[in-house]
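These notes concern the structure reproduced below.
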Amino acid sequence: MENHHALLANNDGFLRDLQLFCTVARRASFITASTEMGISPSHVSKRIALLEKSLGVKLFLRTTRRVSVTSDGEAAFQWAQKILDDVQGMSEAFAGLKSDPRGVIRISTSLRLGRDHVSPILLLLRKRYTALEIWLELLDRRVDLVGENFDIDVRVGNIQEPHLIAHKIVDSARILCASPAYLKRAGTPRTLGELAQHDCLLFRDRDQRFGVWRLTGPDGEKSVKVTGPIASNHSDIVQRWALEGYGVIMASIWDVASSLESGALVRVLPQHQQPADVWAMTSARASSSAKIRVCVEFLKEQLTRGPYALKTRGVAGF
């Protein structure tokens, strides 16, 4: 009972400690958590030790190499996350009665999409709604939205998690293209099978199997194994190689729209493409949040019609 009253004596500090505990548990690192929370590692250790003392359980096992959550820590994490979610939900419910959304929004997306489109759009969102705080992470992998505590993941391509809510932002597709210089030297492929005789520039995207291009055409979807002399995990580099005449690439229409319109790149096998719509993914719980709804709608508005919109319609026959 004494522990119970001690925990409630300072709710604000207790909630901050729960947030800190959840961050350490998700990141499996005191140092990473300290960087994310903007405090020193020693302060993190001190607060976690006090929380363990208050709860009367060991939350983490610590070695020189790693931090892991104990079985009691796993149970505490579930409770802590529920408490934080409920407090946040209550805060947002009352904030929703006010004119402007407020609070923190954590967003993840891919490197190119985030750098050139999502990040400047979020600045416009913050300018409109000054009570919002925004955290954006650019990652070259698909995130665990709930496990990594993101509110929104802006992604390209197929949807694999049935437990998430998918908000379509932009209709799009990935297409094949190459420079006129490459096509003059190597010839233009007329069938999917002929891609095997061409240098294909490979990019490891978030939702694609490396070295396999899945394309939809008049005969339905087909998978084609492709190879090439150079590959990268960065779309900018692969696109530059294509512009310099090193091979065929598969890229989102919006990513190569300006090069196609200028003639620097030419569409190849125009009857084939890969569906690659742009989505904003949220958890079912986050979807009911006023600030998340505002952010998703703003992203859709700006990515379709704003100054940083993804250009797709009317490009290369799409």
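Numbering (the numbering used here), first residue to last: 1 to 318.
Beta carbons: idealized from backbone N, C-alpha and C, even for Gly.
DSSP state of residue i mapped onto helix, strand, coil
i: D171; result: coil
i: Q78; result: helix
i: G56; result: coil
i: D116; result: helix
i: A131; result: coil
i: D153; result: strand
8 Å Cβ cutoff met for residue i and residue j
i: S235; j: F203; result: yes
i: L265; j: V256; result: yes
i: L145; j: M37; result: no
i: G247; j: L299; result: no
i: I48; j: P41; result: no
i: A316; j: L269; result: no
i: V24; j: V57; result: no
i: V104; j: E133; result: yes
i: S119; j: W254; result: no
Residue i, buried or exposed, once every other Cβ within 10 Å from all chains shown has been counted against 16
i: P229; result: exposed
i: A131; result: exposed
i: D43; result: The sequence as given places His at residue 43; Asp does not occur at that position. So H43 ends up on the exposed side.
i: M90; result: exposed
i: V323; result: In the structure as shown, the chain begins at 1 and stops at 318. Residue 323 is therefore absent and cannot be evaluated.
i: G193; result: exposed
i: D199; result: buried
i: L18; result: buried
Residue i versus the options, residue with shortest Cα-Cα distance
i: Y308; options: L125, Q19 and T35; result: L125
i: L136; options: R27, V146, Y182 and D151; result: D151
i: T216; options: H272, K53 and L195; result: H272
i: D86; options: E133, R285, E244 and Q302; result: R285
i: Q147; options: D171, C177 and R106; result: Reading off the sequence shown, one finds Gly at residue 147, where the question assumed Gln. Closest option to G147, Cα to Cα, is R106.
i: G320; options: I237, G187 and M250; result: Residue 320 is absent from the model: the chain starts at 1 and stops at 318.
i: Q274; options: N158, R141 and L310; result: N158
i: R62; options: S29, R174, E297 and S71; result: S29
Supposed contact pair residue j and residue i - C-beta distance, whole angstroms, cut 8 Å
i: S287; j: A242; result: That belief does not hold up - the Cβ atoms of S287 and A242 are roughly 38 Å apart, past 8 Å.
i: R267; j: L176; result: 7 Å
i: L51; j: F77; result: With 8 Å as the limit, L51 and F77 do not qualify as a contact, their Cβ atoms being about 12 Å apart.
CB contact check: residue i to chain C, cutoff 8 Å
i: G245; result: Annotation note: the requested chain C is absent from the structure, which comprises a single protein chain.
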